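Quick note on the working numbering: the sequence shown kicks off at 2 and runs consecutively. The beta-carbon is built from N, C-alpha and C at its ideal position, and this holds for glycine as well. None of the values given here were measured: they were computed from a predicted structure. Reviewing the structure listed below.
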Amino acid sequence: MTKMTGAEALIKSLEHEGVEVAFGVPGGAILPAYDPILDSPIRHVLARHEQGAGHMAEGYAHATGRVGVVIATSGPGATNIMTPLQDALMDSVPIVAITGQVSLSSMGNDAFQEAPTSGMAMHCTKHTFLVTDANEICEAVHQAFHLASTGRKGPVLIDIPKDLLATEVEWHEPAPVDLPGYKPSRGGHKRQIDRAIDLIMKARRPVLYVGGGIIAADASDQLLQFAEETNTPVTTTLMARGAFPDTHRLALGMPGMHGTYTAVTAMQRADLLVALGTRFDDRVTGDPATFAPNAKVIHVDIDPAEIGKVRNPEVPIVGDVGIILGQLGSELARRLTDGTLPDRSTWLETIAGWQAQHPLGYEQEPSGPVKAQYVVEQLLNATDGDAIVVSGVGQHQMWASQFWSFSKPRTWINSGGLGTMGFAVPAAIGAKVAVPDELVIAIDGDGSFQMTFQEMVTAAAEQVPIKVVLINNGGYGMVKQWQTLFYDRRYSAVELSLDVPNFPALAESCGWVGLAAETPDEIGPAIRKMLSVDDRPVLLEVRTDPEEMVFPMVPAGGSCDDIALGPEDL
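Listed below in C-alpha cells is the structure:
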C-alpha cells in the first residue's frame, strides 16, 4: 500500500477507473484535489460554470457510453450541478459528480460556502456518498462508477469534506463491489419470454416502441435483427433517435407530442406494443387513458420501477434489453420451426399509406423567410448525415429530431426528460472532447443558447472545434407557439431581441469564427464555409421565421387520436 493524501487517492482512484477527462470548476473546498491533477494523465477541462461542466460530462457520456466526470466545489459549486444531475437521472446518463464539502468540524455550522449537497443530490441521483473517513475515498469512487454504469445508468455524487482531502491515507485497489440489495437483473425470466412470444406470434398490428434504453444497452444491432425477423414497424422516441435507421422500410420515426403522424397513429391502432427500454413518458402517451387503447403491452426495462408506472403490461420483463432481445429472438426461431407469424402485409400497407398521405413537411419560399426545417435539411445534405448532432431545448430540438435522418446510435444528443435549455453548447463540447475525430454540430435556439453561452469561451480556450448552428427566431419559440395556440396570442415574456447580442460578433470575441445567413440562398454557402473550418469553433447564426410552429402536435394531456397536422386542427 502507498501512503498519500486523500486528494491524491481521489485522483488515483479516478485513474484506476479509466477516467481520461474530467470537467469542472475549482473552489476552496475542492482545491486540494486540483493539485494532484497537475501530475495526472487525466485531462481537466475548465468550464466557465458548473452547470456547463455537468452538461459537458453528460455529452461525453452520451457520445461514448462511458461514465462522464464533473468536479465542483461546495456550496454554489455543488448547487450549480443539480440541474445536470437531474437531467442525467431522467435520461439515464452515467456521470459521477465529485464535490468538495466544508471540513467535518464545520459541517452544520453554516460555514462559508456550505450547502447540504448530499441531501439535495439524493433526489436527483441514483445514489450519493458523503465521505466521513478519508480511507473510504477509494471504495466510494469504485462503487460510484459501478452504480453509474450498471443497471439503469445514471448519475452518482460523491461529497468529500476538505479536511479529508488533506488527510494521509493508504491507497489500495478497491475490492470487488458488493452492494447488498443492488443486483440489477440482466436476463429475462423464461416464462415471461415465452408469454411475450405467444403475443408476438398472434399479433397482426404490432409496433416496437423503442426508447433510449436500447442505446444505453448498446442493443441497436439486436433491435434491427429482431424487427426484421418479426417484420414489425419501429418507433424511436426522442431519446432513441438513431437506435434504428430512419431509412429502413420498417422505420416510423418519432412518436409523441411532435412525432410523425404515422408513428403516433400506428401506436394508437396497434394490437400489440413491444416497449423496449422506454418509460411511457407523458410526451409520448398524451392522456394515458386513451393511449394505444386496443394494444396489449410487452414492457422490457432494466428498471423494475418503470414497469406498471404508467401502463400495466400484459407481459412485464425486467432485465437488459439487449440480452432479452436475444432471448426473444432465440425463442422466436424455435417457434418458427413449427409455425409462422401472422400475415402483416395489410398492416404494413396501411402504414405505408399514412406515410404517403401525411409526411413531415414545410413550405420554404425562395424569397424567405427562412424555415428552420430547411436549415436542418440543408445541414443534413451537406454532411451526408455523418455527424453527431446535439440540440438545445425548444422548437429547434423538435425540428432537428424530425428532419435529420439518423442511421446509427450515439449520433443524437439532447435533453429529453428534463428539457434543459442551455444543454447544447456544453454537451457538444463534452461530446467533441470524447470523440475528437467526429464532426459535432450543435443545433441551438437563441433562447436556449443564451442560458450557457459562456461555455463558448471554454471551447475556444480548450481548443474544442465544435460547430453551432443558431436558429434565431427572436424569442422563446415553443413558449410563443403555446401562447399562440392556447392563450389567444397573448405574448407574455416571450420575445428576445433579434439583434442583441450580435451573435457572430459575440462568437468572434470568444475566439470563434462567426457567420450569419438571413435568406434561403445564403444557407448552403454558409454551411459549407462553416464545415470548412477545422481549427477553431464556428457559430452560424440563421435568422428564421418567428411565426413558424412545430407540427404535428398532440396537445399536452390530450389524446393521441387528436393529433393536429396544423393550427387549423386545434
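Where residue i sits in the DSSP three-state scheme
i	result
P207	strand
H50	coil
Q403	helix
S416	coil
E549	coil
V22	strand
V469	strand
L15	helix
E115	coil
A517	strand
K127	coil
E463	coil
L499	coil
R270	helix
D438	coil
A290	helix
G309	coil
R529	helix
L90	helix
M422	coil
G69	strand
M554	strand
Range of the contiguous beta strand (DSSP E) that encloses residue i
i	result
D160	V157 to P162
P317	V316 to V319
N503	Taken as a continuous stretch (DSSP letters only), N503 belongs to no beta strand (DSSP E), as it is neither H nor E.
Q102	I96 to Q102
R335	No beta strand (DSSP E) holds R335; the alpha helix (DSSP H) holding it covers V322 to L337.
I138	I138 -> not in any beta strand (DSSP E); alpha helix (DSSP H) instead, spanning I138 to S150.
V285	Counting along the chain, V285 falls outside any beta strand (DSSP E), though it belongs to the alpha helix (DSSP H) covering D283 to T286.
D302	K297 to D302
G448	No beta strand (DSSP E) holds G448; the alpha helix (DSSP H) holding it covers D447 to F450.
M5	T3 to T6
L253	A252 to G254
Residue i burial status per 10 Å Cβ neighbour count (16 or more: buried)
i	result
H56	buried
L516	buried
K127	buried
L39	exposed
P538	buried
N473	buried
S449	buried
T233	buried
V495	buried
E9	buried
R1	Any property of residue 1 remains undetermined from this structure, which presents the chain solely from 2 to 571.
R544	buried
E169	exposed
Y61	buried
G320	buried
H300	buried
Own chain residues within Cβ distance below 6 angstroms of residue i, not counting five before or after
i	result
G213	M240 and A241
M550	Q482
T520	G369
Y492	Q484
S93	R153, K154, G155 and A217
D304	R153
H359	Y262
Close-in-space but distant-in-sequence residues of the same chain around residue i (CB under 7 angstroms, 5 per side omitted)
i	result
I215	S221, L224, A241, A244, L277, G278 and V322
T133	L105
G420	V394
F227	L326, L329 and G330
E230	G330 and L333
Q365	K372, Y375 and P521
W348	R205 and R206
8 angstroms Cβ shell around residue i - same chain, five flanking residues per side excluded
i	result
I198	L329, E332, L333 and R336
Q52	N81, I82, T84, P85, G423, P427 and T453
V71	A23, F24, G25, E51, A54, G55, M57, A58, I82, P85, I96, V97, A98 and I99
A383	G525, I528, R529 and L532
Q114	G28, G29, A30, T74, S75, G76, P77, G78 and V103
I43	I12, L15, E16, V20, E21, V22 and A23
Q269	F292, A293, P294, C561 and D562
Range of the contiguous alpha helix (DSSP H) that encloses residue i
i	result
V543	Unbroken run through V543 is the beta strand (DSSP E), V539 to R544; no alpha helix (DSSP H).
A428	A425 to A435
G78	P77 to N81
G478	G478 to F487
I38	L32 to I38
Note down, one range per segment and in chain order, each beta strand (DSSP E) of at least 3 residues found wholly within the region 172-249.
207-211 and 235-237
Unbroken alpha helix (DSSP H) runs of length 4 or more, entirely within the region 353-397: which are they?
373-384
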